[in-house]
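Structure below.
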């Protein structure tokens, strides 16, 4: 039923780097001018430590305080040109940063327009987020990274040049811990990103489970599934704890890397000071080296590491959103205007269909392939939140898949064909103010009284018709129970007799006897029937049963699934009993009649939280 997903070979860093090269090559002049202004920072760093060393060796320690003061003045004056260069640096920075944002906005808008023209039904708000929010994140992150990286390069270059000028042997003590710490830090970046993703995934899974459990508390209590729900919650919480602990361990490694870079070089220099002084190192050179370490090298390395671990990761993720491949264009609808389909073509078919509520969301359907033959009765079962309503909406063409193809009669599903191919009935039925006749003939205005009478007899609408008095009696939705509303919607779909009828818990408010009668009536029609079942008896009446557990599915008969599907066995054990409050002849008892006849004062609700539609377009009820 489900094929494995194909992994993308290129990593995010590879994709972003591939697109960054031409961008930087086109702005080589800007980069060189930025480097020219940054040379003043190199001079400042070099003179800072070198001036202190000369002030001690050739000034104060040599008995020439005026010379020492002059060297200190040189080191202090070197700060002024570096501060003046800030204006030039930010001017060149704008030439490098603003084109990035403009290019990202152009790419997002161009992709959105192309996608809307090629696949109007698949438009999302992704491009709006890219144009407004994500492009600003990329702009600010890129600016911070350029400033930090520029400062790091020229500060380190100035410090290394100063150490070479003072005593080359100083590099043998200073550079190894810096290189070791930087390498250790860079090694933590991939596993830290992976652990961060694992933690976010576990957190999202726990939040989704908690939301479903809170919404289904009544069903959980009625089905006796509290222990199972608690066990699932405990497993998800354990996954989140394990991910958090793994992330914390790698964070500890990163702290060690920062300590190696920031603390070890001065410590090693002080430990090696006696040996260096015995072998010709002057006291001024030792103090100058400490100045380079504490005032230049260590702060620059730590600033770069902090930037890479915070803004760098976020910048990479955002840029990858702009550089990933756009969704494949939809098939040209003109290709579907071929010869008429053959008789044995399925009424509806899913070919490797994937669906997710958002670009970064986990797929609800994952490369699902399914076909529904003419006259077939298919039941869809699974726990709450497993994607049953989403499958119904995708199969009926209400939701466009994010991947794969939906076919009706062997052709790509089109909105223009919807009313002639299928009817989707959600749990909350749509009934409007008017006569009962108008409501029943909503999809088939030319339905005769004989057809309506046959439908009333097949579905058992006689009690409602008797209570109202006639087909032309006014119908007020607020005075109907939820069960009566569902019967009206079922009658409407029965009269339409489409090639495909999808019942998304459309009989949930009926007692078992009335539900059995309705489903058998629809199964007797020549069209295909897909039922999202909430009772075991409903599933057992089907020719095939599709068991859904999120993106994982299994299909077969009830007997086959009892042998092969642990989830189906669990559902069969927890489902509400087949025996309902009805008499032996299949008619509901007085209590059931009263419950179905009582108006349900609960207002209609809409939204995507449970995949139900309360006020749908004309062919959805």
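Numbering (our numbering), first residue to last: 591 to 1211. The C-beta atom is built at its ideal place from N, Cα and C for all residues, glycine as well. Since we're looking at a predicted model, the values are computed, not measured.
Sub-9 Å separation of residue 897 and residue 734 beta-carbons: yes
Same chain only: Cβ atoms within 6 Å of residue 997, ignoring 5 sequence neighbours per side: 939
Residue 1041 - containing alpha helix (DSSP H), residue span: 1039-1049
Reduced DSSP category for residue 950 - H, G, I as helix; E, B as strand; rest coil: coil
Contact belief for residue 987 with residue 1003 at Cβ below 8 Å, rounded distance in angstroms: 5 Å
Residue 894 beta carbon less than 9 Å from that of residue 779: no
Contact set for residue 775: own chain, Cβ-Cβ below 6 Å, skip 5 residues either direction: 847, 895
Length at least 4, wholly inside the region 990-1018: the alpha helix (DSSP H) runs in chain order: 1008-1011
Environment of residue 1029 [buried if 16+ CB atoms lie within 10 Å]: buried
Beta-carbon separation (whole angstroms), residue 756 vs residue 643, contact threshold 8 Å: 6 Å
Inter-residue spacing [alpha-carbon to alpha-carbon] between residue 952 and residue 627: 47 Å
C-alpha distance - residue 609 paired with residue 1117, whole-angstrom precision: Approximately 52 Å between the Cα atoms of the pair.
Of the listed residues 811, 823, 875, 1035, nearest to residue 647 (C-alpha basis): 875
Burial state of residue 1147 (16 or more Cβ within 10 Å): Exposed, since its Cβ has fewer than 16 Cβ neighbours within 10 Å.
Alpha-carbon to alpha-carbon, residue 992 and residue 1203: Low confidence applies here, because residue 1203 scores a pLDDT of 32, under 50, leaving its location unreliable; read the following figure in that light. Near 20 Å, if we compare the C-alpha coordinates of residue 992 and residue 1203.
Short Cβ contact (9 Å threshold) for residue 1062 with residue 1027: yes
Residue 976 at chain D interface by Cβ criterion, 9 Å: Going by chain labels, chain D is absent from the structure shown, which holds only one protein chain.
Spatial distance of residue 1098 from residue 1013 (CA atoms): Straight-line Cα distance between these residues: approximately 17 Å.
Sequence-distant residues of its chain with Cβ nearer than 7 Å to residue 1082 (five each side left out): Result list for residue 1082: 1029, 1030, 1032, 1033, 1211, in chain order.
Between the CA atoms of residue 638 and residue 666 - distance to the nearest angstrom: Rounded to whole angstroms, residue 666 to residue 638 spans 7 Å at the Cα level.
Per DSSP, the bridge partner or partners of residue 960: 940
Per-residue DSSP class, three states only, for residue 806: coil
CB of residue 764 within 9 Å of CB of residue 871, strictly: no
Inter-stretch contact (C-beta, 8 Å, three-pair minimum) for the region 1086-1101 and the region 1056-1075: yes
Endpoints, the beta strand (DSSP E) within which residue 1144 is located: 1142-1146
Backbone secondary structure at residue 832 - three-state DSSP: The DSSP-derived three-state label of residue 832 is helix.
Segment limits, beta strand (DSSP E) that includes residue 1120: Looking at the DSSP string, the run of the beta strand (DSSP E) that includes residue 1120 is 1118-1122.
Straight-line Cα distance separating residue 754 from residue 880: 14 Å
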